[in-house]
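Step one of this worksheet: look at the structure below.
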Ligand code: HSE
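Set out below in C-alpha cells:
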C-alpha cells in the first residue's frame with residue numbers, strides 16, 4: 149500500500165495588525181502527518197503522538213481528519229486512508245497548531261493520490277479543518293503552513309491568497325507560556341466597533357508589513373507590528389503582555405506582539421546577539437509573573453508543507 153509523510157510548519161497569524169489577513173511560516177516547529185491507503189472507504193486516525201492536550205481521534209473532530217476528508221472529496225476519491233499525526237508544537241499556543249495539522253492532513257492525502265489539487269484547493273480543504281477548532285474561517289495560519297513565507301489573504305470567498313516572500317534579516321524570538329488559550333475564546337473578545345484613528349494606524353502598519361515582505365526589507369517591518377485594535381482587546385486574556393513587551397523593547401526588540409490568538413508572544417530583531425538578550429529578558433519577565441514559559445529563537449520558513457522521508 150502507498151504511504152507518504154508530510155511536514156507542515158507552524159505559523160504566526162496576523163503578524164501584528166494584519167488580523168486574519170497576514171501570516172508567516174516559521175522554522176523549527178511544525179506537525180507531521182503520515183497518510184497511507186487502507187482498505188475500505190473511511191478516513192481513520194490511527195495514531196496521535198506527542199500531543200500535549202487531548203486531541204480527538206474522531207476524523208470528523210480532528211483538524212487533520214477533516215482536512216483529509218475534504219481533500220478526498222475534492223479529488224473525488226473514495227479510498228480509505230489511515231492517518232498518523234505527530235504534534236511538534238503545543239496546542240492552543242497561537243502558533244497555528246490546528247492549522248499545521250490540517251495543512252499536513254490535506255497535503256499528505258493529495259500527495260498520496262498523486263497531487264491533483266492546486267495550492268488554493270489544499271488551503272480550502274485545510275481551512276475546513278482549522279475552522280472546526282478555531283470557531284472562525286480564515287487562512288492566515290493555513291496559507292503560510294502550505295505555501296511557506298509570509299502570505300496575504302485577499303479574500304476567503306472566493307479564496308484569494310498570495311505568497312509575499314520573506315525577509316532574510318528577520319529573527320523571531322518566540323516565548324510560549326505554559327498555558328492554553330483557545331482561539332474561539334480569543335475571538336470572542338474582539339470589539340465590534342473601532343476608533344477611526346486606530347483603524348488608520350492598523351491599515352498603515354498592515355500595508356507596511358505587506359510591503360516589507362514583498363521587498364525583503366526589514367526596515368519597513370521594524371516598528372510596524374503595532375496593533376491598536378485586536379491586541380488591546382486580547383490583553384484581558386494575556387494580562388502580563390504589556391510588561392513582556394516592555395521587557396522586549398528595553399532589550400532592543402524592534403517590535404513585539406501576540407502570535408495569532410495568543411498566548412505566545414513574539415519579538416523581532418535583525419541581530420542574533422540582541423535576540424539572545426531579548427529572549428532572556430522576556431523569559432525573566434514571564435518568571436516575574438509566575439508564568440512558566442519556553443522561549444526560542446528562530447527565523448521565517450520560506451518552505452511550506454513538504455513531503456519528508458519515512459522513518
Ligand atoms: N487570525 C487568527 C486570530 C489567528 O487572530 O484569531 C489564530 O491563530
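Residue numbers (this note's numbering): 149 to 459.
All C-beta atoms, glycine included, are put in the ideal place defined by N, C-alpha and C.
*Any residue whose CB is nearer than 7 Å to a heavy atom belonging to ligand 1, listed in chain order*: 161, 162, 167, 168, 242, 244, 282, 284, 286, 288, 289, 331, 334, 335, 378, 408 and 409
*Backbone CA spacing between residue 153 and residue 167 [nearest angstrom]*: Their backbone Cα atoms lie some 31 Å apart in a straight line.
_Identity of the residues DSSP links to residue 228 by a beta bridge_ = Answer is 186, bridged to residue 228.
*With DSSP as the reference, please indicate the residues paired to residue 212 in a beta bridge.*
DSSP lists no partner for residue 212.
*Which residue from 356, 214 and 237 puts its Cα closest to that of residue 256?*
Among 356, 214 and 237, the Cα nearest to that of residue 256 is on 214.
_Quick check on DSSP: helix, strand or coil for residue 328?_
coil
*Alpha-carbon to alpha-carbon, residue 379 and residue 408*: 10 Å
*For the alpha helix (DSSP H) that contains residue 259, what are its first and last residues?*
245-260
*Could you tell me the distance, in whole angstroms, from the CA atom of residue 447 to the CA atom of residue 311?*
Rounded to the nearest angstrom, the two C-alpha atoms are 17 Å apart.
*Run through DSSP, which three-state label would residue 398 get?*
helix
_Cβ separation of residue 233 and residue 181, assumed to be a contact under 8 Å, to the nearest whole Å_ = 5 Å
*Counting pairs of Cβ atoms below 8 Å between the stretch 380-391 and the stretch 348-366, do you hit three or more?*
no
*Taking the alpha carbon of residue 314 as the point to measure from, which residue in 303, 301 and 292 has its own alpha carbon closest?*
Ranked by how close their Cα comes to the Cα of residue 314, the residues 303, 301 and 292 have 292 in first place.
*Which term fits residue 221, buried or exposed, when burial requires 16 or more other beta carbons within 10 angstroms of its beta carbon?*
exposed
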